[in-house]
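Going by full-length UniProt numbering, 160 is the number at position 160 of the sequence shown; the sequence numbering is gapless. Yeah, the Cβ is synthetic: ideal placement off N, Cα and C, and Gly gets one too. Note that the structure is predicted; figures quoted are calculated from it, not measured. First up is the structure itself, then whatever we jot down about it.
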Amino acid sequence: MEKRRILKHRQILIAALFGAALLTGWCFWQNKAVRTTVYVIESSKLKPDAPDITIIQISDLHNAEFGDKQEKLIRKIKEAKPDIIAVTGDLIDSNHTDIGKAMELISQAVTIAPVYFVTGNHEAWAAESYIRLKREMENAGVHILDGISETFSLGGQQICLMGAKDPAFYARTEYGDAQSVMNEAIGDISCDGGIYKLLLSHRPELFQVYVDNGIDLVLAGHAHGGQFRLPFIGGVVAPGQGLFPKYTSGIFAEGETEMIVSRGLGNSIIPIRINNRPELVVVRITPAKNK
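So, in structure tokens, the structure goes:
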């Protein structure tokens, strides 16, 4: 009887250890298995005969590594054949800043397509490290759009690329203040009238500000997909939004404004994702089809 009890306990222990090993392996895999999500955005502001504009969005790397010299990310970026590469903040992590890892990605990305960058809160928090990163990115040819716009042309079609500096660079950091700071920042960025406006901004929780300013499309990140994703519910927690946040992943629309929120690539304060694979976003902006 005693031997049978010991054998049963041993079997339970082995099963528990095996289950723990499987769970650990699954968590490790799904934190490194990058998924590519494709969105097609139609706009009547594009000429009917204009070519599609393909954008790949990189967000919230947080110094994470995806293969030797970021080769897994670079391979996926090349496969998308982008016209524009948009980096929407938190390329580095202020808690363990590694500019080398960030530049491994950037130095290769600029050879694929023009790279446009806006800051996230971690660039603000990294302070002097970000000054060095900014200098290295500029030397590599990156277009840093913090508070400015540039016109991008492809096949006779033009769009206005706008970039919003992250509110964390300012002393006012409360949510209400972030709204007013962002509203002022966008108001100071000029685009030619009638041109398609694409805004790069780290913060999805400020969606109403983007709507009020008549932005056509916003690319955002910051929320890390809600960190832990529950079936039929979505993300559990996100900075600036708290528990069960609204803007963690996917596409949102109000009026004439659409916003795509990337789940991002890396982690920061919470070091693990659950049911929430890292994400590269591909956006194809195409002329509206006649119905």
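**Q.** alanine 65 versus aspartate 192: straight-line alpha-carbon distance, rounded
**A.** According to the sequence shown, residue 65 is glutamate rather than alanine. Spanning the two alpha carbons is a distance of roughly 39 Å.
Q) Does the pairing of the stretch 112-126 with the stretch 246-263 give three or more beta-carbon distances under 8 Å? A) At 8 Å Cβ cutoff, the stretches do not touch.
Q) What residues in its chain sit with their C-beta under 8 Å from that of lysine 165, if we drop five residues either side in the sequence? A) Excluding sequence neighbours, lysine 165 sits near Val118, Thr119, Asp146, Gly147 and Ala185.
(Q) Relative to the C-alpha of valine 281, which candidate in Arg203, Pro48, Gly221 and Thr97 has its C-alpha closest? (A) Cα-wise, what sits closest to valine 281 is Gly221.
**Q.** Where alanine 124 sits in the DSSP three-state scheme
**A.** Helix.
Q: Can you have a look at glutamine 241 and say buried or exposed, based on whether 16 or more other CB atoms are within 10 angstroms of its CB?
A: Glutamine 241 comes out buried.
Q: Measure the alpha-carbon distance for serine 43 versus arginine 284 and round it to whole angstroms.
A: Between the alpha carbons of serine 43 and arginine 284 lies a gap of roughly 11 Å.
Q) Taking the DSSP output, what are the residues bridged to leucine 198? A) In DSSP, leucine 198 forms a bridge with Leu161 and Leu217.
Q. Roughly how many angstroms separate the alpha carbons of threonine 286 and leucine 243, rounded to a whole number?
A. CA-CA distance, threonine 286 to leucine 243, rounds to 35 Å.
Q. According to the neighbour-count rule (16 or more other Cβ atoms, all chains shown, within 10 Å of its Cβ), is lysine 291 buried or exposed?
A. For lysine 291, the predicted model reports a pLDDT of 49, less than 50, meaning its position is unreliable and no value from the coordinates is stated.
Q. If we count Cβ pairs, one from each stretch, closer than 8 Å, do we get three or more for the stretch 219-234 versus the stretch 201-211?
A. In short, these stretches touch, since the Cβ pair count reaches three.
Q) Which same chain residues, not among the five before or five after glutamate 205, have their C-beta less than 7 Å away from its C-beta? A) Excluding sequence neighbours, glutamate 205 sits near Gly240, Gln241 and Tyr247.
Q: Tell me where the beta strand (DSSP E) around isoleucine 85 begins and ends.
A: If you look at isoleucine 85, you'll find it in the beta strand (DSSP E) that goes 84-88.
Q.
According to DSSP, simplified to helix, strand and coil, what is serine 43?
A. Note: serine 43 maps to strand in three-state DSSP.
(Q) Going by the DSSP bridge assignment, what does serine 149 pair with across the sheet? (A) Partner(s): Met162.
Q. For chain C, is any of its Cβ atoms less than 8 Å away from the one on isoleucine 269?
A. No chain C is present in this structure, which holds just one protein chain.
Q: Compute the Euclidean distance between the alpha carbons of glycine 235 and glutamate 104, then round it to the nearest angstrom.
A: Looking at the two C-alpha atoms, the distance is approximately 30 Å.
**Q.** In chain order, each beta strand (DSSP E) run of at least 3 residues that lies wholly inside the stretch 255-288
**A.** DSSP runs (the beta strand (DSSP E)) wholly in the stretch 255-288: 257-261 and 279-287.
Q | Backbone CA spacing between glycine 89 and glutamate 79 [nearest angstrom] | A | Their Cα atoms are separated by approximately 22 Å.
Q: Let me know if leucine 230 comes out buried or exposed under the rule of 16 or more other beta-carbons within 10 Å of its beta-carbon.
A: The C-beta of leucine 230 has fewer than 16 other C-beta atoms within 10 Å across all chains shown, which makes the residue exposed.
Q) Can you tell me the Cα-Cα spacing of isoleucine 270 and asparagine 63, whole angstroms? A) Cα to Cα, the separation comes out at about 14 Å.
Q | CB of residue 331 within 8 Å of CB of isoleucine 85, strictly | A | Nothing can be reported for residue 331: it is not among the residues displayed for the chain, which extend from 1 to 291.
Q: Could you give the DSSP three-state label for alanine 238: helix, strand or coil?
A: When DSSP states are grouped into helix, strand and coil, alanine 238 belongs to the strand group.
Q: Pick out whichever of Ile77, Gly100 and Glu136 has its Cα sitting closest to the Cα of alanine 109.
A: It is Ile77 whose Cα lies nearest to the Cα of alanine 109.
Q) If you draw a straight line from the alpha carbon of glutamine 30 to that of asparagine 275, how long is it in whole angstroms? A) The C-alpha of glutamine 30 lies about 7 Å from the C-alpha of asparagine 275.
Q: Would you tell me roughly how many angstroms separate the C-alpha atoms of phenylalanine 169 and isoleucine 260, rounded to the nearest one?
A: Taking the CA atoms as reference points, phenylalanine 169 sits about 23 Å from isoleucine 260.
(Q) So, with DSSP's three-state summary, where would you put leucine 91? (A) Of the three classes helix, strand and coil, the one that applies to leucine 91 here is coil, per DSSP.
Q) Which two residues bound the contiguous beta strand (DSSP E) that contains isoleucine 106? A) No beta strand (DSSP E) holds isoleucine 106; the alpha helix (DSSP H) holding it covers 99-109.
(Q) Which of the three DSSP states is assigned to alanine 253 in this structure? (A) Strand, per DSSP.
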